[in-house]
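Engineer: Using our numbering, you'd call the opening residue of the sequence shown number 756 and step up by one each time.
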Amino acid sequence: MTSLSVFEMVPVADRVAEADLVFALRDANPVSPGHTLVIPKRRIASWFDATGDELREATRLITLIKTQLDESHRPDGYNVGFNDGVAAGQTVFHAHIHVIPRFAGDVADPRGGVRHAVIGKGHY
Numbered sequence: 756m757t758s759l760s761v762f763e764m765v766p767v768a769d770r771v772a773e774a775d776l777v778f779a780l781r782d783a784n785p786v787s788p789g790h791t792l793v794i795p796k797r798r799i800a801s802w803f804d805a806t807g808d809e810l811r812e813a814t815r816l817i818t819l820i821k822t823q824l825d826e827s828h829r830p831d832g833y834n835v836g837f838n839d840g841v842a843a844g845q846t847v848f849h850a851h852i853h854v855i856p857r858f859a860g861d862v863a864d865p866r867g868g869v870r871h872a873v874i875g876k877g878h879y
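1. For the pair the region 806 to 820 and the region 765 to 774, tell me if three or more CB-CB distances fall below 8 Å.
2. Would you check if the region 841 to 849 and the region 805 to 812 touch, i.e. whether three or more CB-CB distances between them fall below 8 Å?
3. Using CA coordinates, which residue listed in R866, G789, R870 is at the minimum distance from A843?
4. If you reduce the DSSP assignment to three classes, tell me which class H790 lands in.
5. Quick check on the burial criterion: 16 or more other C-beta atoms within 10 angstroms. Buried or exposed for I852?
6. To which residues of the same chain is A800 closer than 6 Å at the C-beta, ignoring the five residues directly before and after it?
7. By how many angstroms is the C-alpha of A779 removed from the C-alpha of P795?
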């Protein structure tokens, strides 16, 4: 028997949104207020292994989470994405999408956004 992933150990009551195939919960180590994860119920390591139905539900849940965060946190923008593979920084091998609210002034210069994942490549 395989061990549970960190997401499979989270109590159902901690979920902030749920659909048939995916659910959402607040990140345990948020990089900003409201940082939320969208996670497939089926354990897959990569979103590239997700079914079309899982991807569609994830997209709908991301939109719902954004609406909720717009109301509760009033961010000025969002970063939405995932790390896929060790070289991309993936450390939890149960796929998940980060929905990260961003706020004016939370970094000195936000230009380049996720391009900063590769040091020195964010500015163009």
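By construction, the Cβ of each residue, glycine as well, lies at the ideal position given by its N, Cα and C atoms.
Quick caveat: nothing in here was measured; it's all calculated off a predicted structure.
Structural biologist: Reading it off the structure:
1. yes
2. no
3. R870
4. coil
5. buried
6. F848
7. 9 Å
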